[in-house]
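Respectively, the protein sequence lines represent chains A and B. When we follow the working numbering, the leftmost residue of the first sequence carries the number 1, and every step to the right adds one. When we follow the working numbering, the leftmost residue of the second sequence carries the number 1, and every step to the right adds one. Glycine included, each C-beta is placed from N, C-alpha and C at the ideal position.
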Amino acid sequence: VLLVDDEVGMTRLLKLNLEEGGGYDVRIENSGRAGLEAAREFRPDVILLDVIMPDMRGTEVLERLRADPDLAHTPVIFLTAVLPAPGTNADVGMPGCIGIAKPARAADVMAAIRSVLGDASTRGEARRDERT
Amino acid sequence: VEVAVPDEKPPLLARDELYRSIIDNTRDVIVVVTPDGKPVYVSPSSQALLGYAPEEILDGKALDLVHDDDRARAVAAFRASRRARDTRSIELRCRHRDGEWRIFDCVGNWILDGTIPQRAVLVFRDISKRKRAEHKLQQANTQLENRERDLVAALASLRLSHEQLQAAHLRLIDAARMESVGRLAAGVAHEVKNPLTVILMGLEYLGKRLRDTDADVHEVMTDMEEAVARANTVVRGLLDFSTPNSLELESVALNEVIEKAIALTKHEFARAKVVVECDLAADLPPVRLDRGKMEQVFVNVFLNAAQAMPEGGTIRVRTRRDAGTATAPAVANPPAVVAEVVDSGDGIPAATLERVFDPFFTTKPAGEGTGLGLTVIRRIIELHGAAIRLANEPGGGLCVTLRFETAEAAS
Chain A
1 VLLVDDEVGM TRLLKLNLEE GGGYDVRIEN SGRAGLEAAR EFRPDVILLD VIMPDMRGTE
61 VLERLRADPD LAHTPVIFLT AVLPAPGTNA DVGMPGCIGI AKPARAADVM AAIRSVLGDA
121 STRGEARRDE RT
Chain B
1 VEVAVPDEKP PLLARDELYR SIIDNTRDVI VVVTPDGKPV YVSPSSQALL GYAPEEILDG
61 KALDLVHDDD RARAVAAFRA SRRARDTRSI ELRCRHRDGE WRIFDCVGNW ILDGTIPQRA
121 VLVFRDISKR KRAEHKLQQA NTQLENRERD LVAALASLRL SHEQLQAAHL RLIDAARMES
181 VGRLAAGVAH EVKNPLTVIL MGLEYLGKRL RDTDADVHEV MTDMEEAVAR ANTVVRGLLD
241 FSTPNSLELE SVALNEVIEK AIALTKHEFA RAKVVVECDL AADLPPVRLD RGKMEQVFVN
301 VFLNAAQAMP EGGTIRVRTR RDAGTATAPA VANPPAVVAE VVDSGDGIPA ATLERVFDPF
361 FTTKPAGEGT GLGLTVIRRI IELHGAAIRL ANEPGGGLCV TLRFETAEAA S
């Protein structure tokens, strides 16, 4: 899991919760630009992305991810204070993305990860089918 | 003209000449009449002032020269003066030979033999010029009065415009203030939500670590989680308020919206021992509004009303048509559908009434109200271009009036 959020305390806590509670391998980046670089290098299964960050908005990070063939299909979960209702998964109107409103529990985040990874695995297989 | 009057008595002939020269040279017409009004002498000035030689007047009917409307008055004044043997002054119009009316001030004096009137000496002074000037002055005065009246009216309308402008200005300041509060709220909400997330996730983490510790720790952590949830409710209210969500307008029967809102709050009313009395007009024209948001508004208004009556009470809900008034365009009051919600509580103190729409203003105990309910309501009402007004009822209780301009008014 790649976690990109400028709120340092939150990323540290979410990493701890995800690692201890879900056994995930979590990498943290605290800026959009660093998050993009890490995504190319780390090739995460899922990206947790903040929307409002000082250097680059999460939506711009997503655009660049989608422009990269290697990362175009990596599921993205927006973790944002912009959404009104807390905790729930929301359709943010972008394909392959869902949103979780802050403040959220790590449990909500894990549920969201499970749901997108399920989607991604089937999509991944579909992709492989296309290639063959 | 200097006239030398010698000390000793002048000769008779010389005195006659003196008198004649005075009479000949006076600018007034002097007429001597008998007690029954027959002229026996007319001074030569009649030629200049009336266009007739004295003989012509003496031979003809002198009264014919007097204006028809003045004749009876002239005769009456003459007779009254003869009876009283006094001096009277009267204004008469006499026609010049050229057809023009001249205005004369006529003064009569009686020459008495003992107490018997012998002759009357009437002096006619031409005051046409003065009268014309007076008339002009009067006209000018009237004009001036009219202008003054116009000016006063203009001033009043200017004052009204000024007051309206001032009111509009205040509304604008208010709107600007609300908008800046909204922007601020969005910023604050964002800044608060991130630390709230840290606290929530921190609690979650600690919860797992401290799984085996005593119940007090869990209780403290539960309290903390609840505190986070409460803080988040406030922030969400702020965001609701600050994000001007677009409306989904449709043509809706207002009564339906109200009935739905009553249904939604039914349980709350039952719990609070509140009775709802409806008087919904059947012939209301539809109004353009966002059904969901307007339900939210009425639910909020109803809940506020219920909370104003902790001992229970009655909420009266009334809808009606307002035909509107179309007096001056400045105070035009277009036709509308009006909803009134009146509770039987204690009303709201005037000072509080001014602040109820301010963000974060609440009369509820700390932690129970976000103080954003009415702020959000007003936001929604404003988005609809409708109006909301809170006023205390004379008999206690609060009346919330919502006014929606109807479609025919908008067109």
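Where does the unbroken beta strand (DSSP E) through F78 of chain A begin, and where does it stop?
One-based indexing of the first sequence puts residue 78 of chain A at position 78. F78 of chain A -> beta strand (DSSP E) spans 76 to 80.
E368 of chain B (DSSP reduced to helix, strand or coil)
Within the second sequence, numbered from 1, the residue matching residue 368 of chain B stands at position 368. In this prediction, E368 of chain B scores a pLDDT of 47, lower than 50, which makes its location untrustworthy; the coordinate-derived value is nonetheless stated afterwards. In this structure, E368 of chain B counts as coil in the three-state DSSP scheme.
Assuming N255 of chain B is part of the alpha helix (DSSP H), what are its boundary residues?
If you number the second sequence from 1, residue 255 of chain B lands on position 255. First-last of the alpha helix (DSSP H) with N255 of chain B: 254 to 264.
When you compare each of B:K38, B:R20, B:I103 to L49 of chain B by their alpha carbons, which one comes out closest?
For the purposes of this step, residue 49 of chain B is taken as the residue at position 49 of the second sequence. Selected option, being the one with the closest Cα: B:I103.
Given this structure, state the Cα-to-Cα distance separating L200 of chain B from G237 of chain B, to the nearest angstrom.
Locating residue 200 of chain B in the second sequence gives position 200, where the first residue counts as 1. Locating residue 237 of chain B in the second sequence gives position 237, where the first residue counts as 1. Approximately 19 angstroms between the Cα atoms of the pair.
Taking V8 of chain A and L48 of chain A to be in contact with their CB atoms under 8 angstroms, please state how far apart those CB atoms are, rounded to whole angstroms.
Position 8 of the first sequence, counting from 1, holds the residue named residue 8 of chain A. Position 48 of the first sequence, counting from 1, holds the residue named residue 48 of chain A. Their Cβ separation, rounded to whole angstroms, is 14 angstroms, which puts V8 of chain A and L48 of chain A out of contact at 8 angstroms.
Inter-stretch contact (C-beta, 8 angstroms, three-pair minimum) for the segment 40 to 54 of chain B and the segment 24 to 32 of chain B
yes
Nearest to G32 of chain A (by Cα), restricted to the options A:M10, A:D55, A:R66
Position 32 of the first sequence, counted from the first residue, corresponds to residue 32 of chain A. For the residues A:M10, A:D55, A:R66, the minimum Cα distance to G32 of chain A belongs to A:D55.
Quick one: grab the DSSP three-state call for R43 of chain A.
For the purposes of this step, residue 43 of chain A is taken as residue 43 along the first sequence, with counting starting at 1. For R43 of chain A, the three-state secondary structure derived from DSSP is coil.
Use the C-beta contact count for D290 of chain B: other C-beta atoms within 10 angstroms, 16 or more gives buried, fewer gives exposed.
If you number the second sequence from 1, residue 290 of chain B lands on position 290. D290 of chain B comes out buried.
Run down chain B in chain order and give the residues with a C-beta less than 7 angstroms from the C-beta of I52 of chain A.
As a position in the first sequence, residue 52 of chain A is number 52, starting the count at 1. Going along chain B in sequence order, the residues near I52 of chain A (Cβ under 7 angstroms) are H190.
Of the residues B:Y41, B:T265, B:H67, B:P286, which one's Cα is nearest the Cα of E55 of chain B?
Walking along the second sequence from the start, residue 55 of chain B turns up at place 55. Comparing Cα positions, the closest option is B:Y41.
Within 8 angstroms, strictly: CB atoms of V75 of chain B and L92 of chain B:
Mapped onto the second sequence, residue 75 of chain B falls at position 75. Mapped onto the second sequence, residue 92 of chain B falls at position 92. No, the Cβ-Cβ distance between V75 of chain B and L92 of chain B is not below 8 angstroms.
L390 of chain B vs V376 of chain B beta-carbon contact at 8 angstroms
To locate residue 390 of chain B, count along the second sequence from 1; it is residue 390. To locate residue 376 of chain B, count along the second sequence from 1; it is residue 376. No, these two residues do not count as a Cβ contact at 8 angstroms.
Locate the beta strand (DSSP E) running through S89 of chain B, then write down its first and last residues.
Here residue 89 of chain B is taken as the residue at index 89 of the second sequence, counted from 1. According to the DSSP assignment, S89 of chain B belongs to the beta strand (DSSP E) that extends over 88 to 95.
Is any beta-carbon of chain A found at less than 8 angstroms from that of G292 of chain B?
The sequence position of residue 292 of chain B within the second sequence is 292, counting from 1. Cβ-Cβ to chain A under 8 angstroms: no for G292 of chain B.
I want to see whether chain A comes within less than 8 angstroms of V401 of chain B, judged by CB atoms only; does it?
Taking the second sequence and counting its residues from 1, the one referred to as residue 401 of chain B is at position 401. Going by the sequence as given, residue 401 of chain B is Thr instead of Val. Chain A, which has no Cβ nearer than 8 angstroms to the Cβ of T401 of chain B, makes this no.
Check this for me: beta carbons of L160 of chain B and P103 of chain A, under 8 angstroms apart or not?
Working through the second sequence from its first residue, we reach residue 160 of chain B at position 160. Working through the first sequence from its first residue, we reach residue 103 of chain A at position 103. Judged by their CB atoms, L160 of chain B and P103 of chain A are not nearer to each other than the 8 angstroms cut-off.
Inter-stretch contact (C-beta, 8 angstroms, three-pair minimum) for the segment 272 to 283 of chain B and the segment 309 to 319 of chain B:
Yes, the segment 272 to 283 of chain B touches the segment 309 to 319 of chain B.
Run of the beta strand (DSSP E) containing T414 of chain B, from where it starts to where it stops:
Nothing can be reported for residue 414 of chain B: it is not among the residues displayed for chain B, which extend from 1 to 411.
Exposed or buried, which one is T80 of chain A when buried takes at least 16 other CB atoms within 10 Å?
By one-based count along the first sequence, residue 80 of chain A stands at place 80. Burial call: buried.
Measure the C-alpha to C-alpha separation of D59 of chain B and K136 of chain B and round it to an integer number of angstroms.
If you number the second sequence from 1, residue 59 of chain B lands on position 59. If you number the second sequence from 1, residue 136 of chain B lands on position 136. One C-alpha to the other measures close to 37 angstroms.
Does I100 of chain A pass the burial test, meaning 16 or more other C-beta atoms within 10 Å, or should it be called exposed?
Within the first sequence, residue 100 of chain A is the residue found at index 100, counting from 1. Label assigned to I100 of chain A: buried.
Taking the CB atoms as reference points, tell me whether L13 of chain A and V1 of chain A lie closer together than 8 angstroms.
Within the first sequence, numbered from 1, the residue matching residue 13 of chain A stands at position 13. Within the first sequence, numbered from 1, the residue matching residue 1 of chain A stands at position 1. Not closer than 8 angstroms, so no.
For a contact defined as C-beta to C-beta under 8 angstroms, what are the partners of L14 of chain A on chain B?
In the first sequence, residue 14 of chain A corresponds to position 14, counting from 1. Within chain B, the residues near L14 of chain A are M201.
Best match in B:L264, B:W101, B:D283 for proximity to K412 of chain B [C-alpha to C-alpha]
In this structure chain B extends from 1 to 411, so residue 412 of chain B is not present and cannot be described.
Sort A:K15, A:G96, A:P44 by Cα distance to E63 of chain A and report the nearest one.
In the first sequence, counting from the first residue as 1, residue 63 of chain A sits at position 63. Nearest of A:K15, A:G96, A:P44 to E63 of chain A, Cα basis: A:G96.
Between the beta-carbon of A34 of chain A and the beta-carbon of R27 of chain A, is there less than 8 angstroms?
Counted from its first residue, the first sequence places residue 34 of chain A at position 34. Counted from its first residue, the first sequence places residue 27 of chain A at position 27. Going by C-beta atoms, A34 of chain A is not nearer than 8 angstroms to R27 of chain A.
Spell out the partners DSSP gives I98 of chain A in its beta bridges.
Within the first sequence, residue 98 of chain A is the residue found at index 98, counting from 1. Answer is A:I77.
Given that a residue counts as buried once 16 or more other Cβ atoms are within 10 Å of its Cβ, and exposed if not, what is R40 of chain A?
The residue labelled residue 40 of chain A in the question sits at position 40 within the first sequence. Counting Cβ neighbours within 10 Å, R40 of chain A comes out exposed, since fewer than 16 surround it.
T401 of chain B bridges to which residues according to DSSP?
In the second sequence, the residue the question calls residue 401 of chain B occupies position 401. In DSSP, T401 of chain B forms a bridge with B:E340, B:R389.
Applying a beta-carbon distance threshold of less than 9 angstroms, which residues of chain B neighbour G21 of chain A?
Position 21 of the first sequence holds residue 21 of chain A. Here the neighbours are E204, Y205, K208.
Bounding residues of the beta strand (DSSP E) (the contiguous stretch that carries V75 of chain B):
The sequence position of residue 75 of chain B within the second sequence is 75, counting from 1. It is not in any beta strand (DSSP E) - V75 of chain B instead sits in the alpha helix (DSSP H) that spans 68 to 84.
Compute the Euclidean distance between the alpha carbons of L158 of chain B and D150 of chain B, then round it to the nearest angstrom.
In the second sequence, residue 158 of chain B corresponds to position 158, counting from 1. In the second sequence, residue 150 of chain B corresponds to position 150, counting from 1. Cα to Cα, L158 of chain B sits roughly 12 angstroms from D150 of chain B.
Quick one: is N146 of chain B buried, meaning 16 or more other Cβ sit within 10 Å of its Cβ, or exposed?
Your numbering for residue 146 of chain B matches position 146 in the second sequence. Exposed: under 16 other Cβ atoms inside 10 Å.
Mind checking S251 of chain B: buried by the 16 CB within 10 Å criterion, or exposed?
Here the question's residue 251 of chain B lines up with position 251 in the second sequence. It counts as exposed.
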